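Numbering (my numbering), first residue to last: 57 to 153. Here a beta-carbon is modelled for each residue, glycine too, at the ideal position from N, C-alpha and C. Remember, predicted model here, so these are calculated numbers, not experimental data. A quick write-up on the structure given underneath.
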């Protein structure tokens, strides 16, 4: 989700194209699905500065959760899971610098 794949030029150097690269699949457990849906919907809500992304913009969280059908009770329950995904995404984004 946050790690770019090889470019067309990189692949062409080896005689390959994007269609030669299999699409990666990732299974999401049913109990994690609501948190994943919300995290995915928050994908444009990153706070960033000179060094890149610093975290999700929590001021948008309630509105976005409402848009995807997450109740207030569900939001309280899945918020820790959302934070785990946020931290992992920040680590992946920092590795690509």
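Next item on the list: Taking only the alpha-carbon atoms, compute the straight-line gap between residue 125 and residue 71 and give it to the nearest angstrom.
Entry: 45 Å
Note to self: Assuming the contact rule is C-beta atoms closer than 8 Å, residue 95 and residue 84 should be a hit. Round their C-beta distance to whole Å, please.
What the structure shows: Actually they do not touch by this definition, with Cβ atoms about 10 Å apart.
Margin query: Please tell me whether residue 102 and residue 119 are closer than 8 Å, where the distance is taken between their beta carbons.
Written below: no
Check: If we ignore side chains and look at the alpha-carbon of each, how far apart do residue 73 and residue 80 end up?
Finding: 16 Å
Notebook entry, point to check: Quick one: what does DSSP say residue 127 is sitting in, helix, strand or coil?
Noted result: coil
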